[in-house]
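**Student:**
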Amino acid sequence: MSKKTYSDIDLPQALALTKRPDAVLVDVRENWEFEEFNEGGVNIPLAEIREKRPLVAPYQTIVVICTNGVRSKVAAMDYCRVPEWTDKQIYHVRGGIIESE
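Here the working numbering is used: the first residue of the sequence shown is 3, the next is one more, and so on.
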């Protein structure tokens, strides 16, 4: 079995992708950062991504974002390791929210 990997996309691609009903944008920044500014989606701080996995499980396409792409990369790699999620499309927003400002 090949190792599952995520794909890098930019913010405009991510926002277009997450308009689909089977896709979700997961913002892995802290709650206060999300409240200050966000691109929508669900806010699941990086420390909680394992316990909050059921929130994103129903979606086929998962797009992970953070401020600069560091935390979201960790989350994307973690999602790629979920054995039951081999058929899901996992995306990581390269450069995060900062890139888009």
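Glycine is no exception: its CB is placed at the ideal position from the N, C-alpha and C atoms.
Among Ile46, Val58, Glu50, which one has its Cα closest to the Cα of Glu86?
**Tutor:** Among Ile46, Val58, Glu50, the Cα nearest to that of Glu86 is on Val58.
**Student:** Quick one: complete beta strand (DSSP E) runs, 3+ long, within the segment 41-98?
**Tutor:** Taking only runs of at least 3 residues, the beta strand (DSSP E) segments lying wholly in the segment 41-98 are 63-67, 91-95.
**Student:** Could you tell me whether the Cβ atoms of Ala16 and Leu27 are closer together than 8 Å?
**Tutor:** Yes; because the gap between Cβ atoms is below 8 Å, this pair is in contact.
**Student:** Could you tell me which residues DSSP puts in a beta bridge with Ala16?
**Tutor:** For Ala16, which the question treats as bridged, DSSP gives no partner whatsoever.
**Student:** How would you call Val72, buried or exposed, if buried means at least 16 neighbouring beta carbons within 10 angstroms?
**Tutor:** Looking at its Cβ environment, which holds fewer than 16 other Cβ atoms inside 10 Å, Val72 is exposed.
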